[in-house]
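A.B. asks: Numbering (the numbering used here), first residue to last: 430 to 726. All C-beta atoms, glycine included, are put in the ideal place defined by N, C-alpha and C.
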């Protein structure tokens, strides 16, 4: 085992820049621009890309505190799997047309692989839990907050008592303390996950509420909750592809509306009547909104 210092791979590179010889500095500059390449290439391939010798690569990783190149590469793989954006870039990008085609194919595969692991019985079961709950809570941090907010926006057309957490100006504890067995909670947890999300999920489970978890594919499947919807987020570029996450959220919102029946349509009608009264969305000359055609404002 190495006695390497603490710190991320990139932090180690930056901390040693002033001490590096010119060839090592050239390698360091390349690595800082494309750190993910270390996980993909052998030492010889990396040396060729950075226009340095194999010996320079060996000296470089030892200066960073790693025993050898393989140990450094394993460290980069761990940080890359954790979702650091800088580690996901690539120096070998294809031509624009090819990249577009590959991007669309990756998006298609993400959706296909995600829905291959999710049944309509799961979606409908969660939709019913949302409709039966006393209150619905949607929780998301960082990237997860975007999709939790999207769900709140769509579900609020049917569900009157729905809360998005975290709330501005409040601690999570203030809201989590009020969740109970009659409630339903959907937690959206996506890479890179804040450390707090695990404690939040545990607290929600401990409340006795019915719990659903929407995650990326890197999250280990959980059996201690009612629903775990895992979405594939693979990407050819530096950012995760969250298209499958949005597709799953859209399907859930659609099934909530569909399964809400007469009570749901009554609420939609009330919302539309209030929109007409306030005139918030349409000009006076626009055609009336048709609930049969579209449930979204």
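Rounded to whole angstroms, how far is the Cβ of residue 608 from the Cβ of residue 562, which I believe are closer than 8 Å?
C.D. replies: In fact, because the Cβ distance is near 10 Å, the residues do not count as touching under 8 Å.
A.B. asks: In whole angstroms, what separates the C-alpha of residue 589 from that of residue 500?
C.D. replies: For residue 589 and residue 500, the distance between alpha carbons rounds to 54 Å.
A.B. asks: In three-state DSSP terms, what is residue 600?
C.D. replies: Three-state DSSP puts residue 600 in coil, outside helix and strand.
A.B. asks: How would you write the range of the beta strand (DSSP E) that residue 662 sits in, first residue to last?
C.D. replies: No beta strand (DSSP E) contains residue 662, which DSSP labels as neither H nor E.
A.B. asks: Identify, in the order they occur along the chain, each residue of the same chain with its Cβ nearer than 6 Å to the Cβ of residue 583, setting aside the five sequence neighbours on each side.
C.D. replies: If we look at residue 583 and ignore the five residues flanking it on each side, its Cβ neighbours are 682.
A.B. asks: According to DSSP, simplified to helix, strand and coil, what is residue 584?
C.D. replies: Helix at residue 584.
A.B. asks: Quick one: using the 10 Å Cβ neighbour count with 16 as the cut-off for buried, is residue 784 buried or exposed?
C.D. replies: The displayed coordinates of the chain run from 430 to 726. Any statement about residue 784 would go beyond what the structure contains.
A.B. asks: Quick check: what's the CA-CA separation for residue 722 versus residue 617?
C.D. replies: Low per-residue confidence applies at residue 722: pLDDT is 48, beneath 50, and the placement is therefore not dependable enough to give any value.
A.B. asks: Just list the alpha helix (DSSP H) runs in the stretch 591 to 635, keeping only unbroken ones of 4 residues or longer that don't cross its boundaries, in chain order.
C.D. replies: List check, alpha helix (DSSP H) in window: 601 to 605 and 625 to 635.
A.B. asks: Could you give the distance in angstroms between the alpha-carbon of residue 612 and the alpha-carbon of residue 556?
C.D. replies: For residue 612 and residue 556, the distance between alpha carbons rounds to 13 Å.
A.B. asks: Out of 456, 461, 488 and 579, point me to the one whose CA is closest to residue 475's CA.
C.D. replies: Ranking 456, 461, 488 and 579 by Cα distance to residue 475 puts 456 first.
A.B. asks: Is there a Cβ of chain B sitting closer than 9 Å to that of residue 678, yes or no?
C.D. replies: The chain labelled as chain B is not found in the depicted structure, where only one protein chain is given.
A.B. asks: Within 10 Å of its beta-carbon, does residue 528 have 16 or more other beta-carbons around it, so buried, or fewer, so exposed?
C.D. replies: So residue 528 counts as exposed.
A.B. asks: How is the beta strand (DSSP E) around residue 567 delimited, first residue to last?
C.D. replies: Residues 565 to 569.
A.B. asks: By the DSSP assignment, the beta strand (DSSP E) with residue 448 in it spans what residues?
C.D. replies: Looking at the DSSP string, residue 448 is not in any beta strand (DSSP E), and its letter there is neither H nor E.
A.B. asks: Could you tell me which of 692, 706, 677 and 699 sits nearest to residue 548, measuring between CA atoms?
C.D. replies: Per the Cα distances, 677.
A.B. asks: Excluding five sequence neighbours on each side, which residues of the same chain lie with their C-beta closer than 7 Å to the C-beta of residue 380?
C.D. replies: Since the first residue shown for the chain is 430 and the last is 726, residue 380 is missing from the structure and cannot be characterised.
A.B. asks: Taking one C-beta from the stretch 699 to 708 and one from the stretch 570 to 581 each time, how about it: are there three or more such pairs within less than 8 Å?
C.D. replies: No contact exists between the stretch 699 to 708 and the stretch 570 to 581.
A.B. asks: Between the beta-carbon of residue 505 and the beta-carbon of residue 468, is there less than 9 Å?
C.D. replies: For residue 505 and residue 468, yes; Cβs fall inside 9 Å.
A.B. asks: If distances are taken between C-alpha atoms only, which option among 694, 531, 669 and 446 comes closest to residue 620?
C.D. replies: Taking only the C-alpha atoms, the option nearest residue 620 is 669.
A.B. asks: Rounded to whole angstroms, what's the CA-CA distance from residue 516 to residue 497? Just pull it up for me.
C.D. replies: The pLDDT assigned to residue 516 is 48, lower than 50, so where the model puts this residue is not dependable, and the model offers no usable value.
A.B. asks: Would you kindly work out how many angstroms separate the C-alpha atoms of residue 546 and residue 663, rounded to a whole number?
C.D. replies: Going from the Cα of residue 546 to the Cα of residue 663 covers about 16 Å.
A.B. asks: Quick check: does the Cβ of residue 661 come within less than 8 Å of any heavy atom belonging to the ligand MN?
C.D. replies: Looking at this structure, you won't find the ligand MN or any other ligand, since it has none at all.
A.B. asks: How should residue 569 be labelled, buried or exposed, when 16 other C-beta atoms within 10 angstroms of its C-beta is the threshold for buried?
C.D. replies: Burial call: buried.
A.B. asks: For residue 625, which residues from the same chain have a beta carbon less than 8 Å from its beta carbon, with the 5 sequence-adjacent residues on both sides left out?
C.D. replies: Contacts found: 570 and 601.
A.B. asks: With a threshold of 16 other CB atoms inside 10 Å of the CB of residue 484, please say whether the residue is buried or exposed.
C.D. replies: Residue 484 is exposed by the Cβ-count criterion.
A.B. asks: Would you call residue 673 buried or exposed, if buried means 16 or more other Cβ atoms sit within 10 Å of its Cβ?
C.D. replies: By the neighbour-count rule (16 or more Cβ atoms within 10 Å), residue 673 is buried.
A.B. asks: Let me know if residue 695 comes out buried or exposed under the rule of 16 or more other beta-carbons within 10 Å of its beta-carbon.
C.D. replies: Exposed: under 16 other Cβ atoms inside 10 Å.
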